[in-house]
Amino acid sequence: MQIQIKDIKCGDVFYAVKIDGEFPLFNKFIALSQPTEKQVKVKKYKNGYSTTLQSRWYILFDDYLSAKNYWIKNYLNKQITKTMEHVVYLQNQVKKLNNQDDLE
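All the letters of the sequence shown, read from the start, carry residue numbers 12 to 115 under our numbering.
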């Protein structure tokens with residue numbers, strides 16, 4: 012289920028999804044502190060890397076299934092569509108070049 016930063020308590024395990032920006036993210040975190048209204052200090056569940064999550068960049072979930080479904084629907088499926096459109100474009104470029112005897 013989707014949650015807000017204010018719902019998190021120190022020690023809680025939760026999932027964060029970021030689909031905007033240069034570095035999309037889907038990770039599991041542990042809250043290291045009580046959150047402020049807009050951010051929470053966390054560490055990645057597996058490797059212990061610490062960072063601060065800001066509410067304006069992340070969608071938070073209290074369960075894996077909800078986070079996974081959001082990630083697939085809002086990021087991965089869109090990336091697949093973009094990739095397929097690019098493949099079609101490239102295939103058309105190959106056809107065009109194969110039908111030419113020289114550059115125009």
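Where is the CB? At the ideal position from N, CA and C, for every residue including glycine.
Taking the C-beta atoms as reference points, lysine 49 is found nearer than 8 Å to isoleucine 16. Counting only the Cα atoms, isoleucine 83 lies some 18 Å from glutamate 96. Here the alpha carbons of leucine 108 and isoleucine 19 stand approximately 57 Å from one another.
Taking all protein chains shown into account, tyrosine 60 has fewer than 16 neighbouring C-beta atoms within 10 Å of its C-beta and is therefore exposed. Between the beta-carbon of tyrosine 26 and that of tyrosine 75 there is about 6 Å, and that keeps the pair under the 8 Å contact cut. Annotation: glutamine 65 is outside any alpha helix (DSSP H); the continuous beta strand (DSSP E) that includes it extends over 61–65. One thing to note: aspartate 73 has its Cβ no nearer than 8 Å to the Cβ of isoleucine 30.
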